[in-house]
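Novice:
Numbering (our numbering), first residue to last: 1 to 208.
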């Protein structure tokens with residue numbers, strides 16, 4: 001981190017634009033060193049309420065009228081979308097559910113957010129879905145660290161013990177298979193308090 005700070009300072013930037021501040025440790029810490037006269041947050045969790053950021057760049061298309069109330073930085077509201085997204089190419093031929101070890105007749109509710117985004121408030125939402133839909137199955141994507149998956153499953157077994165048996169994990173996979181599973185799912189679920197960005201666009205690409 002010290003070397004990174006020195007390299008950035010040496011460039012004498014007029015402004016720095018930080019994204020994904022609350023999901024990347026370095027991006028959260030660096031603004032506190034005031035590495036440029038103007039520091040801005042942008043995209044995916046960038047409104048961290050850091051006193052060392054001057055502006056939060058957003059868009060009229062996603063901000064409520066009182067958007068300034070939610071950030072301590074000065075809110076800059078662009079008229080255009082924040083990003084350009086190029087849709088992924090779907091596989092020419094889709095594999096079946098059985099190819100991925102998924103039940104053919106279940107109603108699959110796929111929440112493919114990274115596991116660290118699944119706030120405990122999500123647990124009861126999962127529970128209510130499964131109680132109301134006896135054929136339902138919650139499908140999650142395994143964590144990038146092996147112990148994350150088991151830690152989350154243990155939490156669900158404690159929070160919703162009556163239906164936790166219908167929560168399954170699927171391994172992390174190649175892009176084409178990931179899009180394939182999206183297309184095979186009945187419902188795509190977002191996370192709570194920390195929603196998806198690219199993953200939300202991907203689910204639209206898959207027609208989910």
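Beta carbons are placed, not taken as given, at the ideal position from N, Cα and C, and that holds for glycine.
For clarity, every value in this text was computed on a predicted model and none was experimentally measured.
Could you name the residues of the same chain whose beta carbon sits closer than 6 Å to that of residue 196, not counting the 5 residues immediately before and after it, in chain order?
Specialist: For residue 196, same chain residues with a beta-carbon under 6 Å away, outside a window of 5 residues either side, are 113, 190 in chain order.
Novice: Taking 8 Å as the threshold, find out whether the stretch 51-68 comes into contact with the stretch 124-142 through three or more Cβ pairs.
Specialist: no
Novice: Thinking just about the alpha-carbon of each residue, which of 57, 92, 88 is nearest to the one in residue 77?
Specialist: 57
Novice: Tell me, which residues are paired with residue 15 by DSSP?
Specialist: 38
Novice: With C-beta atoms as the reference, is residue 218 less than 7 Å away from residue 173?
Specialist: The structure shown does not extend to residue 218, since the chain is modelled only from 1 through 208, so no value can be given for it.
Novice: Just mark residue 122 as buried or exposed, buried being the case when its beta carbon has 16 or more other beta carbons within 10 Å.
Specialist: buried
Novice: Can you tell which of 101, 199, 92 has the C-alpha that lies nearest to the C-alpha of residue 117?
Specialist: 199
Novice: What does the Cβ neighbour count give for residue 120, buried or exposed, with the cut at 16 atoms within 10 Å?
Specialist: With fewer than 16 other Cβ atoms inside 10 Å of its own Cβ, residue 120 counts as exposed.
Novice: What residue does the beta strand (DSSP E) around residue 141 start on, and which one ends it?
Specialist: 136-141
Novice: For residue 167, which residues does DSSP report across the bridge?
Specialist: 138
Novice: According to DSSP, what are the bridge partners of residue 56?
Specialist: 41, 75
Novice: Start and end of the beta strand (DSSP E) containing residue 108?
Specialist: 107-111
Novice: Where does residue 62 sit, in a helix, a strand or coil, going by DSSP?
Specialist: coil
Novice: Taking the C-alpha atoms as reference points, what is the distance between residue 54 and residue 3?
Specialist: 24 Å
Novice: Quick check: the stretch 153-164 against the stretch 178-188, are at least 3 beta-carbon pairs closer than 8 Å?
Specialist: no
Novice: Buried or exposed: which applies to residue 137, given that a residue is buried once 16 or more other Cβ atoms fall within 10 Å of its Cβ?
Specialist: buried
Novice: Mind checking who residue 188 pairs with in its DSSP beta bridge?
Specialist: 110
Novice: Would you check if the distance between the CB atom of residue 16 and the CB atom of residue 36 is smaller than 7 Å?
Specialist: yes
Novice: From which residue to which residue does the alpha helix (DSSP H) around residue 26 run?
Specialist: Start and end: 25-29.
Novice: Would you mind working out which of 10, 139, 184, 30 sits nearest residue 19, comparing C-alpha positions?
Specialist: 30
Novice: Rounded to whole angstroms, what's the CA-CA distance from residue 153 to residue 26? Just pull it up for me.
Specialist: 29 Å
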